[in-house]
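Asker: FYI, the working numbering numbers position 76 of the sequence shown as 82, with every residue one higher than the one before it.
Beta carbons are placed, not taken as given, at the ideal position from N, Cα and C, and that holds for glycine.
Just so it is clear, the structure is predicted and the values come from calculations on it, not from any experiment.
Supplied in structure tokens, the structure appears directly below.
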Amino acid sequence: MGSAFWSFTMENLSQKKTFKSFREFWPFYLGQHLHAQCRILHFLGTSVAATLILVAVLTGTLRWLLPALMAGYGFAWWGHFAFEKNKPATFRYPLYSFLGDWKMFWMMLQGTLENELKRWGYDGRGGGLGS
């Protein structure tokens, strides 16, 4: 990878914040997902991951779990690097980020994400599922 990627990554590594709860983390998480394209990629990744997890459970075959993990994170990270131009929160806050992904997915399904973004002072940069 080019030096621009590594300097971008190293710059973000030094910007660690401390969150005492998921409730405190949630506004930060939303701020990392302002582009509709990024949110759509998260939605697609989470949908594919959920489907593959369901297949694993229904068939009793664990081999579906690795592709589920790869799909879920692959789509999401693509959205961060291609559209948000930020470092996925997963690298610093794996549990809170995982919970945030599912909360955002659920809010997108319900069509309530745009109101949540506005409630926290974000414009969401338009369009897409749940916005």
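Unbroken alpha helix (DSSP H) runs of length 4 or more, entirely within the segment 62-101: which are they?
Answerer: Runs of the alpha helix (DSSP H) lying entirely within the segment 62-101, each at least 4 residues long, are 71-85 in chain order.
Asker: In the structure shown, what three-state DSSP assignment does Trp126 receive?
Answerer: coil
Asker: In the DSSP assignment, the alpha helix (DSSP H) including Gly37 goes from what residue to what residue?
Answerer: 28-37
Asker: Just tell me which of Ile59, Ala88, Tyr35, Phe87 has its CA closest to the CA of Met76.
Answerer: Closest by alpha carbon: Ile59.
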